[in-house]
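For reference, the structure is listed below as structure tokens.
2 protein chains.
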Amino acid sequence: MRFTEKLAARWREADTLLCVGLDPDPNRFPAPLRDRDDAIFAFCRAIVDATAEFACAFKPQIAYFASHRAEDQLENLLAHIRSAHPQVPVILDAKRGDIGSTAEHYAREAFERYGADAVTLSPYMGLDSIEPFLEYTDRGVFLLCRTSNPGGNDLQMLDVGGVHLYEHVARLAASQWNTNGQLGLVVGATYPNELARVRALAGELPLLVPGIGAQGGDVQAAVQAGRTARGDGLAINSSRAILYAGHGEDFAAAAHEAARRTRDEINRHRRR
Amino acid sequence: MRFTEKLAARWREADTLLCVGLDPDPNRFPAPLRDRDDAIFAFCRAIVDATAEFACAFKPQIAYFASHRAEDQLENLLAHIRSAHPQVPVILDAKRGDIGSTAEHYAREAFERYGADAVTLSPYMGLDSIEPFLEYTDRGVFLLCRTSNPGGNDLQMLDVGGVHLYEHVARLAASQWNTNGQLGLVVGATYPNELARVRALAGELPLLVPGIGAQGGDVQAAVQAGRTARGDGLAINSSRAILYAGHGEDFAAAAHEAARRTRDEINRHRRR
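Line by line, the protein sequences are chains E and Z. Using the working numbering, the letters of the first sequence correspond one by one to residues 1434 to 1705. Using the working numbering, the letters of the second sequence correspond one by one to residues 1434 to 1705.
Here it is in structure tokens:
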């Protein structure tokens, strides 16, 4: 099954558009976990098990593992998800981008070493920097399009012949670059007008939408701007608001409740 | 000492603009090394020791380590360079790009975990994605500008109000974005006309120039297009042509000779 089909199946079968972002920060872990050698794995596994029923995808952010020399814990976490929650795809948030043989090595890192279902990439180096990833035909690629940060304006809002650069990227991803139906786009919830514009340009492409919660994006606006006619097409990411919903021994139960509430809030706006 | 000063000191004192790229591929290692558990470290250490006298910088490409689960060998390699060749700065080629707290984690990975002197980043997400790296005031950042691959055309050659996108990036890097003199740019040797244009726009900014050798860029054209009035300003990268100059037990001696020849070829065109 292709990644985009696996994600669509999960939207339908679990009735959720919530992507649970895994940005583990040991300083925010509950005290009993903090001293474990495998604290990052143990924390994330507890979150994953507590939230899987509400998740259309998990999105580990690789920087949080790499800055702590915890690549082995990321490997173990993805192995756990494949084994315990095989129906929930994993999007490795790595924002890679490089050429030729180097891109092949990054693809091997994401898809073979970690076994991710999809990866985030930067479009700046062009189609040939993406092709080595697309050769894994059952996997997916989310290209950065309109990112959720204010600095996203610096390049993405430049006028490139009557459209903004992010619109040009959305068009490429929905046409010439999408040779095998493997592409999606990253569009921040903080810019609902641009999210609506990307949906208009990109047809049914899956959109990975960060920026609700701590970054201030509004769930209702994001869902109404980004949904397809079918009321799906979105993986709306929440990280900190779920991971750190509780700070004591009940952190997993608190994450469960936060994920359920967020899933429900998203669903309230899907079909109107 | 700031990174840009360290690099400039090395240009002067060692009379070289050659950057030795470390893209280790175990399939191409000489047979006696291949079976060692630390083959990647051992190979790169031998290359580093054989070429340091001709190098203005070393540029390890992190994907080659990550795809082989060899982050520990990359750590050991950078520790070895700091100890044995402290005057040669290390540019970690990672092409990262992310926002806020995630960028902080990538900066910690590059500058604290690996102890790199500089890192390559993508400009697509804007200035606020670069700032967490610039907070390490003694380190440097090379922003992707005009990359050496054909697909670089896809976005970088778009017209953004009378200039190409890569020219716009060069201007930003030479002005508003370069708040503390820490920035450089990545410009491929395969496009000498654009390299000359970047030099005209970017003043004395250091340019990291991949693309000679295996990718077909011409050394004379690149040096003449990219040099400053002082005859420096460039870190011209060669990876495969040096790493795999020899295939037997004499690989380090062959790399030594290849690095010397490349350094000399670059120098022949610096001051004309």
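Just so you know, even glycine gets a beta-carbon here, dropped at the ideal spot from N, CA and C.
CA-CA distance, E/T1612 and E/T1570?
Here residue 1612 of chain E is taken as the residue at index 179 of the first sequence, counted from 1. Here residue 1570 of chain E is taken as the residue at index 137 of the first sequence, counted from 1. When rounded, the distance between both Cα atoms is 10 Å.
- [ ] Identify which residue in E/P1463, E/L1641, E/A1479 and E/Q1609 has its Cα closest to the Cα of E/E1682.
- [x] By 1-based counting over the first sequence, the position of residue 1682 of chain E is 249. Closest option to E/E1682, Cα to Cα, is E/P1463.
Checklist line | Contact set between E/A1686 and chain Z, taken where Cβ atoms lie within less than 7 Å | finding: Residue 1686 of chain E sits at position 253 when you count from the first residue of the first sequence. Per Cβ cutoff of 7 Å: no residues; E/A1686 is ~25 Å from chain Z at best.
For Z/M1434, does the count of other Cβ atoms within 10 angstroms reach 16, so buried, or fall short, so exposed? Residue mapping note: residue 1434 of chain Z aligns to position 1 of the second sequence, counting from 1. Exposed, because fewer than 16 other Cβ atoms sit within 10 Å of the Cβ of Z/M1434.
Is the shortest distance between the beta-carbon of Z/Y1569 and the beta-carbons of chain E less than 8 Å? In the second sequence, counting from the first residue as 1, residue 1569 of chain Z sits at position 136. No, because no Cβ of chain E sits closer than 8 Å to the Cβ of Z/Y1569.
- Query: Under a three-way DSSP split, which group does Z/D1482 fall into?
  - Reply: In the second sequence, the residue the question calls residue 1482 of chain Z occupies position 49. DSSP places Z/D1482 within a helical segment (H, G or I) once states are collapsed to three.
| Residues of chain Z with a CB under 9 Å from the CB of E/Y1624: which are they? | In the first sequence, counting from the first residue as 1, residue 1624 of chain E sits at position 191. Correct list: empty, because the minimum Cβ distance to chain Z is about 13 Å.
Cutoff 8 Å: E/N1670 Cβ touching any chain Z Cβ: Within the first sequence, numbered from 1, the residue matching residue 1670 of chain E stands at position 237. Not one beta carbon of chain Z lies nearer than 8 Å to the beta carbon of E/N1670.
Return helix, strand or coil for Z/P1493, following the three-state DSSP convention. For the purposes of this step, residue 1493 of chain Z is taken as the residue at position 60 of the second sequence. Of the three classes helix, strand and coil, the one that applies to Z/P1493 here is strand, per DSSP.
For Z/Q1615 and chain E, any beta-carbon pair shorter than 8 Å? Here residue 1615 of chain Z corresponds to residue number 182 of the second sequence, with the count starting at 1. Not one chain E Cβ lies under 8 Å of Z/Q1615.
What does E/F1575 pair with, by DSSP beta-bridge criteria?
-> To locate residue 1575 of chain E, count along the first sequence from 1; it is residue 142. DSSP lists E/T1553 and E/G1617 as partners of E/F1575.
* Is the Cβ of Z/T1580 closer than 8 Å to any Cβ of chain E? -> Stepping through the second sequence from its first residue, residue 1580 of chain Z is reached at position 147. Cβ-Cβ to chain E under 8 Å: yes for Z/T1580.
Note down, in chain order, all residues in the stretch 1584-1604 of chain E with a beta-carbon under 8 Å from any beta-carbon belonging to chain Z.
G1584, G1585, N1586, D1587, L1588, Q1589, L1591, D1592, V1593, G1594, L1598, H1601 and V1602
Is the CB of E/Q1506 under 8 Å away from at least one CB in chain Z? Taking the first residue of the first sequence as position 1, residue 1506 of chain E is located at position 73. Not closer than 8 Å to any Cβ of chain Z, the Cβ of E/Q1506 fails to qualify, so no.
- Just grab the DSSP bridge partners of E/G1454 for me. Numbered from 1 along the first sequence, position 21 holds the residue referred to as residue 1454 of chain E. Its beta-bridge partners are E/K1492.
Neighbour list for Z/D1531 in chain E, Cβ cutoff strictly below 7 Å = For this step, residue 1531 of chain Z is matched to residue 98 along the second sequence. Those are A1496 and K1528, listed as they occur along chain E.
Report task. Kindly indicate which residue of Z/Q1615, Z/W1610, Z/A1685 and Z/E1690 has the alpha-carbon position closest to the one of Z/R1478. Result -> On the second sequence, position 45 is the one that residue 1478 of chain Z refers to. Among Z/Q1615, Z/W1610, Z/A1685 and Z/E1690, the Cα nearest to that of Z/R1478 belongs to Z/A1685.
Q. Using the beta-carbon of each residue, which ones in chain E are nearer than 8 Å to Z/R1546?
A. Along the second sequence, read from residue 1 onward, the residue named residue 1546 of chain Z stands at position 113. Correct list: A1499, S1500 and R1502.
Sequence-distant residues of its chain with Cβ nearer than 7 Å to E/E1504 (five each side left out) = Counting from one through the first sequence, the residue named residue 1504 of chain E turns up at place 71. Excluding sequence neighbours, E/E1504 sits near F1498.
Item to check | Neighbourhood of E/E1698 by C-beta, 7 Å cutoff - its chain only, sequence neighbours within 5 removed | outcome: Locating residue 1698 of chain E in the first sequence gives position 265, where the first residue counts as 1. Here the set comprises V1652.
Secondary structure of Z/L1638, DSSP reduced to three states | Here residue 1638 of chain Z refers to the residue found at position 205 when the second sequence is read from its first residue. Looking at Z/L1638 - three-state DSSP - the assignment turns out to be coil, as it is neither helix nor strand.
Cα-Cα separation between E/T1437 and E/Q1615, rounded to whole angstroms = Locating residue 1437 of chain E in the first sequence gives position 4, counting from the first residue. Locating residue 1615 of chain E in the first sequence gives position 182, counting from the first residue. Answer to the nearest angstrom: the Cα atoms are 6 Å apart.
Where Z/S1562 meets chain E, residues with beta-carbon distance less than 7 Å:
Reading the second sequence from its first residue, position 129 is the one you call residue 1562 of chain Z. Per Cβ cutoff of 7 Å: N1582 and G1584.
**Prompt:** Quick one: is Z/E1542 near chain E, going by C-beta distance under 8 Å?
**Reply:** Mapped onto the second sequence, residue 1542 of chain Z falls at position 109. So yes, Z/E1542 belongs to the interface.
Where the stretch 1634-1648 of chain E meets chain Z: residues whose CB sits under 7 Å from a CB there = none
Distance check for Z/T1695 and Z/G1644, CA to CA, integer angstroms please. As a first step, residue 1644 of chain Z must be located in the second sequence, where it is residue number 211. As a first step, residue 1695 of chain Z must be located in the second sequence, where it is residue number 262. Using only the alpha carbons, I get a separation of about 13 Å.
Fill in: Contacts that Z/G1559 makes with chain E (C-beta to C-beta distance below 9 Å)
Here the question's residue 1559 of chain Z lines up with position 126 in the second sequence. Below the 9 Å Cβ cutoff, chain E contributes T1580, N1582, P1583, G1584, G1585, N1586, D1587, L1588 and Q1589 as neighbours of Z/G1559, in chain order.
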